[in-house]
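Taking our numbering, the leading residue of the sequence shown gets 788, the next gets one more, and so forth. Cβ atoms here follow ideal geometry from the backbone N, Cα and C, with glycine treated the same way.
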Amino acid sequence: MSTHPAPAPIELHAADLNSHGGVFCPSPMAGMATWNTHPKVFLDVARTGQAKCPYCSTVYRLKDGEHVHSH
Numbered sequence: 788m789s790t791h792p793a794p795a796p797i798e799l800h801a802a803d804l805n806s807h808g809g810v811f812c813p814s815p816m817a818g819m820a821t822w823n824t825h826p827k828v829f830l831d832v833a834r835t836g837q838a839k840c841p842y843c844s845t846v847y848r849l850k851d852g853e854h855v856h857s858h
């Protein structure tokens with residue numbers, strides 16, 4: 788059985804989040820080619836400051852000092 792190391796966390800600026808406070812994975816920010824990866828999934832980063840993709844385990848998190856401003 789082979790084990791794959793966890794991908795490095797993707798650090799985001801608040802401006803990187805969409806209008807709903809999240810990002811989609813797979814993402815070009817993570818260096819992923821969308822044609823050969825998993826289905827697209829929305830990750831709500833704004834809720835806790837980070838979110839983990841259930842398919843590839845990539846963690847997307849806000850950089851230190853970044854804050855999401857509500858509308």
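- Rounded to the nearest whole angstrom, the C-alpha separation of residue 828 and residue 802 is 19 angstroms.
- Per DSSP, residue 836 is not a residue of any beta strand (DSSP E), being assigned neither H nor E.
- For residue 831, the three-state secondary structure derived from DSSP is strand.
- If you draw a straight line from the Cα of residue 846 to the Cα of residue 813, it comes to about 11 angstroms.
- Secondary-structure assignment with DSSP links residue 798 through a beta bridge to 848.
- It is roughly 22 angstroms from the alpha-carbon of residue 853 to the alpha-carbon of residue 794.
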